[in-house]
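A short worksheet on the structure shown next.
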Amino acid sequence: MDKIFNILIIHGPNLNLLGEREPDVYGRLTLTQINDELAALAGELSVSLEFFQSNHEGAIIDFLHEKRKSAHGAVINPGAYTHYSYAIRDAIAAVSYPVIEVHISDISKREPFRRVSVIKEVCIGQISGRGLHSYLDGLRQLVSYLQSGPSHGA
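FYI, this note's numbering numbers position 97 of the sequence shown as 204, with every residue one higher than the one before it.
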């Protein structure tokens with residue numbers, strides 16, 4: 108039987124307001140709807156998910172650290188922390204499990220300050236500009252990476 112991977116889904120600041128905040132940029136899906144779609148895909152992929160959202164940098168770092176022995180990987184949308192949080196970057200680098208960075212909007216086509224990701228270099232990949240599909244593709248890519256590579260994380 109295949110190993111069941113424990114995957115973290117981490118949502119950064121302001122993502123709790125999805126569906127309300129700037130729907131022309133981020134769409135009308137709520138965070139709950141995104142999580143529901145991810146949970147459905149997780150069932151198809153036979154992986155377990157743990158969801159986490161915080162508007163606080165330290166809470167995200169604590170969560171990454173806390174799960175370092177039980178997680179096999181993580182999908183993270185760091186929100187605005189993407190552009191300047193060396194602390195989250197260092198936390199990702201400090202854990203043994205692979206992390207993939209996702210964004211609903213295409214950060215390469217946004218304001219100049221949003222085009223830089225300090226997180227990207229410590230992640231196995233980055234997917235942006237595909238709305239909900241950024242998350243779904245990120246989960247698929249992470250699971251494929253875990254299935255094909257050496258043992259990671261937990």
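For every residue, glycine included, the Cβ atom is placed at its ideal position computed from N, Cα and C.
The beta strand (DSSP E) enclosing residue i, as first and last residue numbers
i, result
"residue 48", "Because the chain is modelled from 108 through 261, residue 48 falls outside the range shown and cannot be assessed."
"residue 184", "180–184"
"residue 90", "Outside the shown range of the chain (108 to 261) lies residue 90, about which nothing can therefore be said."
"residue 234", "232–235"
"residue 218", "Where residue 218 is concerned, there is no enclosing beta strand (DSSP E), given that its DSSP letter is neither H nor E."
"residue 155", "155–160"
One or two residues paired with residue i in a DSSP bridge
i, result
"residue 240", "Its beta-bridge partners do not exist; DSSP assigns none."
Close-in-space but distant-in-sequence residues of the same chain around residue i (CB under 7 Å, 5 per side omitted)
i, result
"residue 138", "118, 122, 123, 125 and 160"
"residue 281", "Given a span of 108 to 261 for the chain in the structure shown, any question on residue 281 remains unanswerable."
"residue 136", "125, 126 and 239"
"residue 242", "141, 145, 182 and 209"
For residue i, the first and last residue of its enclosing alpha helix (DSSP H)
i, result
"residue 170", "164–173"
"residue 136", "Run containing residue 136: none; DSSP gives neither H nor E here."
"residue 193", "193–201"
Expected contact under 8 Å - CB spacing of residue i and residue j to nearest Å
i, j, result
"residue 198", "residue 171", "5 Å"
Contacts around residue i, its chain only, beta-carbon distance under 6 Å, and the 5 residues preceding and following it disregarded
i, result
"residue 162", "120"
On the three-pair Cβ rule with 8 Å, is the stretch 219–231 touching the stretch 128–147?
no
Using 8 Å as the Cβ pair cut-off and three pairs as the minimum, do the stretch 232–248 and the stretch 207–217 touch?
yes
Is there contact here, the stretch 212–220 with the stretch 143–150, by at least three beta-carbon pairs under 8 Å?
These segments do not touch.
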